[in-house]
Amino acid sequence: MKQKLDKDSIKALVSYRMQRAQETLKEADILIKNDFYNAAVNRLYYACYYAIIALLLKNNISANTHTGVKQMFGMYFIMTGRMDNKYSKFYTLLFNARMSGD
1 MKQKLDKDSI
11 KALVSYRMQR
21 AQETLKEADI
31 LIKNDFYNAA
41 VNRLYYACYY
51 AIIALLLKNN
61 ISANTHTGVK
71 QMFGMYFIMT
81 GRMDNKYSKF
91 YTLLFNARMS
101 GD
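In this text, residue positions in the sequence shown follow the UniProt record's numbering: the first is 1, and each later residue adds one.
Listed below in C-alpha coordinates is the structure:
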(Lines of atoms letter the chains of each structure in order from A and count residues from 1; the text may use other names and numbers.)
(Lines give C-alpha, C1' and ligand atoms only; values in the text may rest on other atoms or scores of the structure.)
Protein backbone atom coordinates (compact mmCIF):
# COMPACT_ATOMS: atom_id res chain seq x y z
CA MET A 1 0.00 0.00 0.00
CA LYS A 2 1.35 3.41 -0.95
CA GLN A 3 2.02 5.91 1.78
CA LYS A 4 0.21 9.25 1.42
CA LEU A 5 2.59 12.16 0.87
CA ASP A 6 2.45 15.32 2.95
CA LYS A 7 2.12 18.76 1.31
CA ASP A 8 5.85 19.52 1.43
CA SER A 9 6.72 16.17 -0.15
CA ILE A 10 4.15 16.71 -2.90
CA LYS A 11 5.50 20.21 -3.55
CA ALA A 12 9.07 18.87 -3.78
CA LEU A 13 8.02 16.03 -6.08
CA VAL A 14 6.06 18.39 -8.35
CA SER A 15 9.11 20.66 -8.55
CA TYR A 16 11.38 17.70 -9.33
CA ARG A 17 9.07 16.42 -12.07
CA MET A 18 8.85 19.87 -13.68
CA GLN A 19 12.64 20.19 -13.54
CA ARG A 20 12.95 16.79 -15.25
CA ALA A 21 10.41 17.91 -17.87
CA GLN A 22 12.47 21.01 -18.65
CA GLU A 23 15.75 19.06 -18.79
CA THR A 24 14.20 16.42 -21.03
CA LEU A 25 12.86 19.11 -23.36
CA LYS A 26 16.41 20.49 -23.68
CA GLU A 27 17.63 16.97 -24.50
CA ALA A 28 15.01 16.75 -27.26
CA ASP A 29 16.19 20.06 -28.70
CA ILE A 30 19.79 18.82 -28.88
CA LEU A 31 18.68 15.58 -30.53
CA ILE A 32 16.61 17.45 -33.14
CA LYS A 33 19.52 19.76 -33.94
CA ASN A 34 21.61 16.64 -34.60
CA ASP A 35 18.98 14.87 -36.72
CA PHE A 36 18.16 12.16 -34.15
CA TYR A 37 14.43 12.42 -34.66
CA ASN A 38 13.30 9.08 -33.20
CA ALA A 39 15.25 9.74 -30.02
CA ALA A 40 13.86 13.29 -29.94
CA VAL A 41 10.29 11.99 -30.07
CA ASN A 42 11.07 9.80 -27.07
CA ARG A 43 12.44 12.76 -25.12
CA LEU A 44 9.49 14.97 -26.13
CA TYR A 45 7.11 12.29 -24.92
CA TYR A 46 8.91 12.03 -21.58
CA ALA A 47 9.01 15.82 -21.16
CA CYS A 48 5.21 15.84 -21.48
CA TYR A 49 4.87 12.75 -19.31
CA TYR A 50 6.88 14.32 -16.46
CA ALA A 51 4.89 17.56 -16.70
CA ILE A 52 1.56 15.70 -16.65
CA ILE A 53 2.69 13.65 -13.65
CA ALA A 54 3.48 16.95 -11.89
CA LEU A 55 0.02 18.26 -12.80
CA LEU A 56 -1.65 15.11 -11.48
CA LEU A 57 0.40 15.16 -8.26
CA LYS A 58 -0.41 18.82 -7.66
CA ASN A 59 -4.09 17.91 -7.91
CA ASN A 60 -3.87 14.80 -5.69
CA ILE A 61 -4.48 12.43 -8.61
CA SER A 62 -2.45 9.25 -8.83
CA ALA A 63 -1.63 6.99 -11.75
CA ASN A 64 0.70 4.00 -11.82
CA THR A 65 1.32 3.44 -15.53
CA HIS A 66 1.89 5.47 -18.67
CA THR A 67 -1.60 4.54 -19.85
CA GLY A 68 -2.98 5.48 -16.44
CA VAL A 69 -1.32 8.90 -16.63
CA LYS A 70 -2.86 9.42 -20.07
CA GLN A 71 -6.30 8.34 -18.83
CA MET A 72 -6.22 10.49 -15.66
CA PHE A 73 -5.06 13.51 -17.67
CA GLY A 74 -7.98 13.03 -20.05
CA MET A 75 -10.51 12.39 -17.32
CA TYR A 76 -9.61 15.23 -14.95
CA PHE A 77 -8.33 17.93 -17.28
CA ILE A 78 -9.60 17.41 -20.83
CA MET A 79 -13.09 15.99 -20.32
CA THR A 80 -13.79 18.60 -17.62
CA GLY A 81 -12.72 21.45 -19.89
CA ARG A 82 -9.92 22.55 -17.56
CA MET A 83 -7.53 22.18 -20.48
CA ASP A 84 -8.05 22.32 -24.23
CA ASN A 85 -8.35 19.05 -26.12
CA LYS A 86 -5.36 20.00 -28.30
CA TYR A 87 -3.07 19.08 -25.39
CA SER A 88 -4.57 15.61 -25.20
CA LYS A 89 -4.24 15.17 -28.95
CA PHE A 90 -0.60 16.22 -28.85
CA TYR A 91 0.17 13.93 -25.90
CA THR A 92 -1.59 11.02 -27.63
CA LEU A 93 0.40 11.70 -30.80
CA LEU A 94 3.67 11.57 -28.83
CA PHE A 95 2.49 8.51 -26.88
CA ASN A 96 1.79 6.61 -30.11
CA ALA A 97 4.93 7.85 -31.88
CA ARG A 98 7.06 6.78 -28.93
CA MET A 99 5.49 3.32 -28.97
CA SER A 100 6.08 2.88 -32.70
CA GLY A 101 9.60 4.34 -32.52
CA ASP A 102 10.85 2.01 -29.78
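Beta carbons: idealized from backbone N, C-alpha and C, even for Gly.
With the cut-off set at 8 Å, would you say residue i and residue j are in Cβ contact?
i: L93; j: F73; result: no
i: Y49; j: V69; result: yes
i: A39; j: V14; result: no
i: R98; j: N42; result: yes
i: A47; j: T67; result: no
i: Y45; j: F95; result: yes
i: Y91; j: I52; result: yes
Under DSSP, the alpha helix (DSSP H) around residue i begins and ends at which residues?
i: I78; result: Run containing I78: none; DSSP gives neither H nor E here.
i: S9; result: 7-33
i: A40; result: 37-58
i: Q3; result: Note, Q3: premise wrong, no alpha helix (DSSP H); not H, not E.
i: T67; result: 66-73
Just checking, does the stretch 61-69 make contact with the stretch 22-33 on the three C-beta pairs under 8 Å criterion?
Taking a cut-off of 8 Å on C-beta distances, the stretch 61-69 does not touch the stretch 22-33, as fewer than three cross pairs fall below it.
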